[in-house]
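Down below is the structure, laid out as structure tokens.
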Amino acid sequence: MDFNNLDDLLHNLLLFILEYHWLYNFQWIGDLFKVQNSSSGCHISSVLDNLPISWKSALQTASLEELQMFVSGISSSYHWPESLLNFSNQCRQYTRLLSNYILLNPNHCPLHTCHLNVNSMCTDLITSINVDKIESDYFLKVSQKKSYELKQMSTLIQAILSSVLNNESRISLSQNQIVSSNELIVNNDDQLCGNFQTFRLINETILEKDNAKASSIDTAITLVDIGSGLGYLPNYVGYRLLQSYDHLSGKNQQLKVISIECDEKLHCKALKNLQVYDSIQQTKPLSSVIERILFRVELSNLDLLQTKLHQLSCNQNYLLTGLHCCGDLSQSIIELFHKDETAKILLLVGCCYHKMTVEKFPTSDYLREAMVNCDSTFIRKCISPATLRLACQHSPLIWLNWTEHDSNKHRIRLLARLILDLTLCKHNYLSNNEIEEHLHKRLDPVSHCEVIKNLLTTGDEHELRNCDGQSGLLLSFDKIYTALIDFWNRYLLDIVHPDKRMNNRDDGDDTSNINNQYFIDYREHFESVWKLIPGLLALQQLLQPLLENIVLFDRLWCLRETGRSNSRSVTDPYQFSGYIRIFDPFLSPRCMALLVYKSELS
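In UniProt numbering, the protein residues as written are 1 to 602.
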């Protein structure tokens, strides 16, 4: 796979995405097994219709371990169709090739904490943070995931302030690079097939530790955090900055953190949290440097937001940041960064791509033009909430660590939802807006059905899966299928008639009884889906990093286009811009941080 330039790469990548749009542009519930009341009955989706017979056969019979080796690109004795192997190789190669255009090369960025990781084809943030008692008892007394994210974000922000604001000279590539630059080239002989979602973050213990102290900062510092929620990030960053740069918190108020949230309840609770932190013994209370604003950030009101920020910061330059900003909020932050000349540095981690306004994607003129040139119907066929949802799905690294038990729980829950949809369709309740969705979402057959819990524990039998002697817990589809129908038989009335709870039910009421003949007629379809669930999920593990990379590419290119006159140029109009992998995807799947630096803050 060899491309001379970005145009060629993008064109061929989009052709590949278009060819397999049926494999990702669908909803598991609703499209995998079409639930439609018509004279011809129920219809299965085109996902199964388009699946090549050879693929279907291989995916149905492969064990979970064989599927995981297939996704990882590890050779095995299992016989995979050549076309399926080509598909998997192309997914991995295109993901790595596109990553090469969006990563922030350490040679272009003076951050000592960033190192090139050729295994994942990205630049990793390496941290070794010492946490004091106040931090662990107060600021980091949250979930393990949140605590980890706070420490990583704080480390990167401090690295930016100590390295970038003081205009430290750029580090030579040899200092920050793990492998030689020629290993960046990806071709047909390349044995490296990992990406930012399938390899862990570099362990700092394998690198020589940098014991240099943070540089002194004499310029004023203003941080603006958008979508701050309960204020965990601005509070923690503010605390650490006060400890490191307390000389900036004097009379001139050179240190300021502006925290913006649109939810009034979260905002009020964050103010209470801030009062608690003020009671902590320290030289300066947090509330003296943190300013909270209740404001909904949208493209339509950025001018008003700019005015507020300039008033609060006294027209001081600032670092703009956002951690896991949902949907359109990320694009609004990018637009604010472009419009506001005092916004000098952007550090943005997005999430929930499926909550974006689909019609606005892609935002990059270059990518949109490339899609239309590929096929005039490309956007209609390939871009949907389902596509963007897969792009922000859990990391394949998590799935690669699944056990048979994890896999069985997933497909039982999926089959249960499919059966429920068919049941609601039969009773003409599928389009009833009054159904309490939250009720049946709480009804988990894996947790609430004794028959299924026993089957998950013991199975039907233990027998050899293959000639290598691997054993696995085999579940009988018939027993699972029957148990799920019985399960929904019991709870159906609660779902379709929320006014008649279980304790008010007339045992003679037949409304909740499912006509078993109805499910006998479609048993073969459900069994086919049951057998294919692990295989279909495996294919989506290959597509997820590629689709997310397209979203990341679009945001970076949109931002670069606003900074130059020629949107087709690949030249970076900023001091530097690109992505740093700030989180380990196993712990925090939306792990890529967009870092853009216009010029000095001073």
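By construction, the Cβ of each residue, glycine as well, lies at the ideal position given by its N, Cα and C atoms.
Bounds of any beta strand (DSSP E) do not take in residue 71; it lies within the alpha helix (DSSP H) bounded by 64-72. In the DSSP assignment, residue 392 falls outside any beta strand (DSSP E), carrying neither H nor E.
Counting along the chain, no alpha helix (DSSP H) covers residue 401, and no H or E run does either.
Unbroken beta strand (DSSP E) runs of no fewer than 3 residues, entirely contained in the UniProt domain "Methyltransferase" (215-357), are found at 221-226, 255-261, 290-294, 318-326 and 343-351, following chain order. Around the beta carbon of residue 268, fewer than 16 other beta carbons lie within 10 angstroms, which makes this residue exposed.
Residue burial annotation: residue 117 is buried, with at least 16 other C-beta atoms found within 10 angstroms of its C-beta. In the three-state reduction of the DSSP assignment, residue 163 falls in the helix class, which pools H, G and I. DSSP places residue 594 in the uninterrupted beta strand (DSSP E) bounded by 592-597. Take the alpha-carbon of residue 62 and the one of residue 73: they are about 15 Å apart. Within the model, the alpha-carbon separation for residue 68 versus residue 586 is close to 16 Å. Counting only the Cα atoms, residue 544 lies some 20 Å from residue 124.
In the DSSP assignment, the residues bridged to residue 578 are 595. Per DSSP, the beta bridge partners of residue 117 are 122. In this structure residue 571 is exposed. Its beta-carbon is surrounded by fewer than 16 other beta-carbon atoms within 10 angstroms.
Secondary-structure assignment with DSSP links residue 199 through no beta bridge to anything.
Residue 103 has 579 as its beta-bridge partners, per DSSP.
A check of alpha carbon separations from residue 109 across 333, 593 and 578 identifies 578 as the nearest. Proximity of the region 138-150 to the region 284-296 falls short of the contact definition, fewer than three beta-carbon pairs being nearer than 8 Å. Of the candidates 242, 203, 53 and 547, 53 places its Cα closest to the Cα of residue 82. DSSP, reduced to helix, strand and coil, places residue 87 within a helical segment of the structure shown. The criterion of a C-beta distance shorter than 8 Å is satisfied by residue 548 and residue 392. Counting only residues of its own chain and dropping the five nearest sequence neighbours on each side, residue 111 has a CB closer than 6 Å to the CB of 159 and 163. Under a 10 Å Cβ-count criterion, residue 157 is classified as buried, with 16 or more other Cβ atoms of the shown protein chains found around its own Cβ. Between residue 134 and residue 155, the CB-CB gap reaches or exceeds 8 Å. In the structure shown, residue 26 falls within a coil segment according to DSSP collapsed to helix, strand and coil. Exclusion of the five residues before and after residue 372 leaves 378 as the residues of its chain whose Cβ lies within less than 7 Å of its Cβ. Exclusion of the five residues before and after residue 198 leaves 396 and 397 as the residues of its chain whose Cβ lies within less than 6 Å of its Cβ. Rounded to whole angstroms, the separation of the alpha carbons of residue 266 and residue 132 is 27 Å. DSSP places residue 57 inside the alpha helix (DSSP H), whose first and last residues are 53-61.
In the three-state DSSP reduction, residue 129 falls in the coil class, being neither helix nor strand.
The residues 60, in chain order, have a CB closer than 7 Å to that of residue 531 in the same chain once the five nearest residues on each side in sequence are set aside. 388 is the residue among 336, 404, 388 and 340 whose C-alpha sits nearest the C-alpha of residue 358. Between the alpha carbons of residue 331 and residue 70 lies a gap of roughly 36 Å.
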